[in-house]
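Report on one structure; see the data block that follows.
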Amino acid sequence: MGTNSFRHFRSDLPASLVVFLVAVPLCLGIALASGAPLISGLIAGIIGGIVVGLISGSNLGVSGPAAGLAAIVLGSITQLGSFPLFLTAVVLAGLIQIALGFLRAGVIAYYFPNSVIKGMLAGIGVIIILKQIPHAVGDDKDWMGDMGFDQSDKLNTFQELWYALQNPTLGAVVITLACLAVMILWDLPFIRRIKALSFVPGPLLAVILGTIMARLFEGHPDLALGGDHLVRLPDLSNGLSAALTFPDPSGLTNGAVWTIALTMAIVASIETLLCVEATDKLDTEKRVTPTNLELKAQGLGNALSGLLGGLPITQVIVRSSANIQSGARTKLSAVLHGVLILLSVLLIPVLMNMIPLASLAAILLITGYKLAKPALFKDLFAQGWYIFIPFIVTVLGVVFIDLLKGVALGMSVGIFFVLRNSYLTPFHVVEGHDADGPVRRITLSEEVTFFNKASIQRTLAELPKGTHLVLDASSTMNLDPDVLEIIQETKKREQRRGAKIDLVGVKPTRKRSTK
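Sequential numbering of the sequence shown, starting at 13, is according to my numbering.
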């Protein structure tokens, strides 16, 4: 991290405070959902912030334990029957990611279309809103950071939302509304023009206000919050080292450990690359993250996290978007948020345990709205169906299934439109005459691939009887052998119908030397 990172210290420090406040309950919630010790989530958050933040080339991305891996982690720990064995798999997954970085696998990130990335962001925004409403009304039985549609209690997101709204906690509702009001007020232009106030981020002020209100409500039975409504850091009274778990070296000869490691490496890498693309889209300065370096940074982070007893790490869009919307300018914000998690665990656990989850839910509600603004849907709709349909399919897939499957659905629909357009796109056709009658000339493009097979086959099949067709390949640099075979077969067939097909301008294929 160079000296340039400190140029925006006044922007990055407040942003890091907000990300820290959001990250702590998410780290704890993901650890709880993963069936792992709570401290393992915080270790992953610390390493994701400090280690990955320092090495990564991402200016605004924030890494830590990911909700998308919680089910894999829970299943893996159950399958192996040992958390230390699972930690060995985390270390190996990190080493595999480092290898992927050296193999330049980060290029995969450049193949995600904008409509799918924007759909992923909007889908996550919708999920955040749906998932945080229960916490906003005091229903905190589900873990903070849960992003899945189907729940372990057999209820889905909308059923959980319905039950949460049936029996709200008055104190949580009041705190949520007050925090939302403060953050909306803080975004108004007249507040931003007051220099002294502009240095205090609205979300941080909202957390302070929520904490004070929670303390004031303690003497009022109708408003008082219980322990389940507050942040709960693990007890480290015996010291941090006593709470650490270390990997079991015997896992190196266990085939199941290697299988889990490979699975986690692939899933974590894909989630990271998706989040890198999404974060770069949100960056107002439009900086580009070097994806191969990101894989190496994530790999080193996972190797260290596993060695120290932490959960697997990815870049996380919830924290990254909160970072951006809080005014972060450089990677210093991500690094400081990791430092703050470490200090909070060691020095101020009592103070952290006073923060109501409702105030954090208010922050995430604003974050979710900014990711899924109605204006975004309107803009994508105006760009045409071939853009809007992959976008909306991705949104629905992310909301109703999960992030990776939602993106896969959006990609599939996007590929369908590419193939459809390739089939429907007409060639450059010129009608003319020669001494024998009408001539139709079709000029082929520079690249004629198997994607064009259907379109060419349709055109050749619709030739009128007796037509003279000239296929001009003089500008074609690459003529797919499949397409060439179709043309030659059609040429023979059409001769019997009285049609004439000439293929001109085909460049001879260069034979490779066998010497």
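Note that beta-carbon positions come from the ideal geometry of N, C-alpha and C, so glycine has one too.
Quantities reported herein were computed from a predicted structural model and do not represent experimental measurements.
Considering only His480, Gly322, Glu459, the residue with the shortest C-alpha distance to Leu50 is Gly322.
Shown here for Ser345: same chain residues with a beta carbon closer than 6 Å to its own, the five before and five after excluded, namely Asp24, Ala27, Ser28, Asn335 in chain order.
In this structure, Ile468 sits away from Ile427, with a CB-CB distance that is not shorter than 8 Å. DSSP places Pro213 outside both helix and strand once states are collapsed to three, so it counts as coil. When the beta-carbon positions are compared, Gly61 and Cys39 stay at least 8 Å from each other.
In the DSSP assignment, Ile282 falls within the alpha helix (DSSP H) that extends over 267–294. At the C-beta level, Ala373 and Gln144 come within 8 Å of one another.
In the pairwise beta carbon analysis, the stretch 199–218 is classified as not touching the stretch 351–363: fewer than three pairs are separated by under 8 Å. One alpha carbon belongs to Gly422, the other to Phe412, and they sit about 13 Å apart.
In the DSSP assignment, Val482 falls within the unbroken beta strand (DSSP E) covering 480–484. Judged by their CB atoms, Ile282 and Ser75 are not nearer to each other than the 8 Å cut-off. Here Asn250 is not bridged, per DSSP, to any residue. Considered as a whole, the stretch 375–463 harbours 440–446, 449–455 as its complete beta strand (DSSP E) runs of no fewer than 3 residues, in chain order. Excluding residues up to 5 positions away in sequence, Leu456, Val460, Leu491, Leu515, Val516, Gly517, Val518, Lys519 lie with their Cβ nearer than 8 Å to the Cβ of Ala485 in the same chain. Gln171 has its alpha-carbon roughly 34 Å from the corresponding atom of Asp292.
DSSP places Gln163 in the coil class of the three-state scheme, outside both helix and strand. Along the stretch 26–92, the alpha helix (DSSP H) occurs as fully enclosed runs of 4 or more residues at 50–59, 82–92, listed in sequence order. Val149 carries a coil assignment under DSSP once its states are collapsed to helix, strand and coil.
Straight-line spacing of the CA atoms in Ser70 and Pro213 works out to 22 Å. Distance from the CA atom of Ala387 to the CA atom of Val419, rounded to whole angstroms, is 21 Å. The Cβ atoms of Gly106 and Leu312 sit closer than 8 Å to each other.
Between Ile454 and the set Phe463, Leu472, Asn314, Gly251, the nearest pair of CA atoms involves Leu472. Counting along the chain, Leu515 sits inside the beta strand (DSSP E) bounded by residues 512–516. Between Val30 and Ser338, the C-beta gap is smaller than 8 Å, which places the two residues in contact. For the pair Ser127 and Ala309, the CB atoms are not nearer than the 8 Å cut-off.
In the three-state reduction of the DSSP assignment, Ile498 falls in the helix class, which pools H, G and I. Rounded to whole angstroms, the gap between the alpha carbons of Lys130 and Thr342 is 22 Å.
The DSSP-derived three-state label of Pro96 is helix. DSSP places Thr326 within a strand segment (E or B) once states are collapsed to three.
Three or more Cβ pairs closer than 8 Å define a contact, and the stretch 386–406 meets that threshold against the stretch 133–150. Take the alpha-carbon of Ala273 and the one of Cys287: they are about 21 Å apart. About 13 Å separates the beta carbons of Ala184 and His232, which is beyond the 8 Å limit, so they are not a contact pair.
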